[in-house]
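Here's the structure, in structure tokens; my notes come after.
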Amino acid sequence: MQQVSTQNRLKAIATRIDAAARKAGRDPAGVRLVAVSKTFGAEEIVPVLESGQRVFGENRVQEAKGKWPALRERFPDIELHLIGPLQSNKAREAVALFDVIQTVDRPKIADAIATEIAKAGRAPRLFIQVNTGDEAQKAGVAPGEAEGLLAHCRARGLAVEGLMCIPPVDEDPAPHFAALARLAESLGLAKLSMGMSADFEVAIAGGATHVRVGSAIFGVRDHAAG
Ligand SMILES: *Cc1c(COP(=O)(O)O)cnc(C)c1O
Numbered sequence: 011m012q013q014v015s016t017q018n019r020l021k022a023i024a025t026r027i028d029a030a031a032r033k034a035g036r037d038p039a040g041v042r043l044v045a046v047s048k049t050f051g052a053e054e055i056v057p058v059l060e061s062g063q064r065v066f067g068e069n070r071v072q073e074a075k076g077k078w079p080a081l082r083e084r085f086p087d088i089e090l091h092l093i094g095p096l097q098s099n100k101a102r103e104a105v106a107l108f109d110v111i112q113t114v115d116r117p118k119i120a121d122a123i124a125t126e127i128a129k130a131g132r133a134p135r136l137f138i139q140v141n142t143g144d145e146a147q148k149a150g151v152a153p154g155e156a157e158g159l160l161a162h163c164r165a166r167g168l169a170v171e172g173l174m175c176i177p178p179v180d181e182d183p184a185p186h187f188a189a190l191a192r193l194a195e196s197l198g199l200a201k202l203s204m205g206m207s208a209d210f211e212v213a214i215a216g217g218a219t220h221v222r223v224g225s226a227i228f229g230v231r232d233h234a235a236g
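Encoded structure:
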């Protein structure tokens, strides 16, 4: 039962991604679904893997470390994205575990990642997180400082592929997605990680190349757990 409903939910999302891309005159193959598995355990993630999904997002390094190494042994071709804030003292573990780090947002964390990449001989692909709403409590570099941070990353030998944002919850996300797309274009970056369960179609219309979808695949999260 679980297997069937998981498969159906994934299929429904794939259909919606496809339709949103076509409506925007885009190739659906240009939109990646990142299945956000935070708070869910292996028993809930395995059916999604068995349904063919291979790209996943996690918010916390510790939590991801507790469940993904074992899953990767069973499914070696997974691609794991860090989509939550990263602290410098977790940079080593993040570089070892993740294929993509979407939340580079300050020079200090770029430096820590560069140091760990040099030591590990393993280089996750990187996105810069932009705080498009200029929210005091939210992670992400201010839009006006993104160019400087990108230059800093490049000076440290880091290859940045794109930008990521999480718009303010109480605002229309479309202008935030548009602002992120304009910023990426002005910086010559091709990838855009934006859109979640509630607004991924809007994000695709705005140019998203990666949509991060959690609850629409896994169901409602226990809020206290993040
Ligand atoms: C939890 C989370 C998501 C997924 O949110 P849903 O609304 O469950 O789809 C996407 N991006 C980030 C950064 C998250 O923390």
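128 is the number that this note's numbering gives to position 118 of the sequence shown; each next residue is one higher, with no gaps. Even glycine gets a Cβ: it sits at the ideal position worked out from N, Cα and C.
Considering only DSSP beta bridges, list what residue i is partnered with.
i, result
"E68", "L92"
"Q139", "M174"
"L190", "Answer by DSSP bridge pairing: none, since L190 is not bridged."
"V110", "H91, R135"
"V179", "V179 pairs with nothing; no bridge assigned."
"V151", "V140"
Taking the beta strand (DSSP E) that residue i falls in, what are its first and last residues?
i, result
"R222", "220-223"
"A45", "42-46"
Quick one: is residue i buried, meaning 16 or more other Cβ sit within 10 Å of its Cβ, or exposed?
i, result
"K100", "buried"
"V179", "exposed"
"H220", "buried"
"A39", "exposed"
"P183", "buried"
"G236", "With a pLDDT of only 49 at G236, under the threshold of 50, the placement of this residue in the model should not be trusted; the figure read from the coordinates follows. Exposed, because fewer than 16 other Cβ atoms sit within 10 Å of the Cβ of G236."
"V46", "buried"
"P134", "buried"
"P172", "In the sequence as displayed, the identity of residue 172 is Gly instead of Pro. Buried."
"E68", "buried"
"D209", "buried"
Can we count residue i as close to ligand 1, meaning its CB is less than 7 Å from some heavy atom?
i, result
"A24", "no"
"V223", "yes"
"G94", "yes"
"S207", "yes"
"N69", "yes"
"V46", "yes"
"I214", "no"
"A30", "no"
"A226", "yes"
"I176", "yes"
Here's a check: name, in chain order, each residue in its chain whose Cβ is nearer than 7 Å to the Cβ of residue i, leaving out the five neighbours to either side.
i, result
"T142", "P153, C175, P177, H186, A189, L190"
"E126", "A101, R102, V105"
"N18", "none"
"A124", "R166, G167, L168"
"S207", "V223, G224, S225, A226"
"E145", "P178"
"D87", "R64"
"E211", "R26, A30"
Ends of the alpha helix (DSSP H) at residue i?
i, result
"V56", "52-60"
"L202", "Unbroken run through L202 is the beta strand (DSSP E), 201-203; no alpha helix (DSSP H)."
"F210", "210-215"
"T125", "117-130"
"L159", "156-165"
Going by beta carbon distance, what residues of the same chain come within less than 6 Å of residue i, once the five residues before and after it are set aside?
i, result
"A122", "S98, A101"
"G205", "A213, A218, V221"
"G198", "none"
Could you pull out every residue in the same chain whose Cβ sits closer than 8 Å to the Cβ of residue i, ignoring the five residues on either side in sequence?
i, result
"V151", "D115, R116, I138, Q139, V140, N141, L159"
"F50", "F228, R231"
"L81", "A52, I55, V56, L59, I88"
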